[in-house]
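Worksheet: one structure, shown below.
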């Protein structure tokens, strides 16, 4: 299993309540949920703190991020979804998910430390 963690800095035009509402199960676009499954995302979570949204994305070990994100951009309604949520993010509506979300570097892993010390 791979875990990708990404960050999106939001600007003063960010509409938190609408962004949160758009991501509730009853408001998600079925095509986008299916698209994430199609590129083999096993799970995804979003967290909000002040002017930052943090995403965790869990995939299989053989997941190729660049290939998957390129494929995601071509799937039905994905560009439309990115433009839709961009209005709440305060982001450029023409940016792809790959362009908006920046990877975070993991600097600590408890299990690795635990294994090292045992």
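In the numbering used here, the protein residues as written are 54 to 171.
Backbone N, C-alpha and C fix where the C-beta goes; we use that ideal spot for every residue, glycine too.
Computed from a prediction, not measured in an experiment: that's the story for all the values here.
| Item | Value |
| --- | --- |
| Please say whether residue 105 and residue 58 have beta carbons closer to each other than 7 Å? | no |
| Cutting at 7 Å between CB atoms, please list the residues of its own chain near residue 174, excluding the five before and the five after it. | Here the chain comprises residues numbered 54 to 171, so residue 174 is not present and cannot be evaluated. |
| Rounded to a whole number of angstroms, what is the C-alpha to C-alpha distance between residue 146 and residue 136? | 4 Å |
| Short check: CB of residue 61 to CB of residue 88, under 7 Å? | no |
| Can you give me the Cβ contacts of residue 76 inside the same chain, cut-off strictly under 7 Å, excluding the 5 residues immediately before and after it? | 99 |
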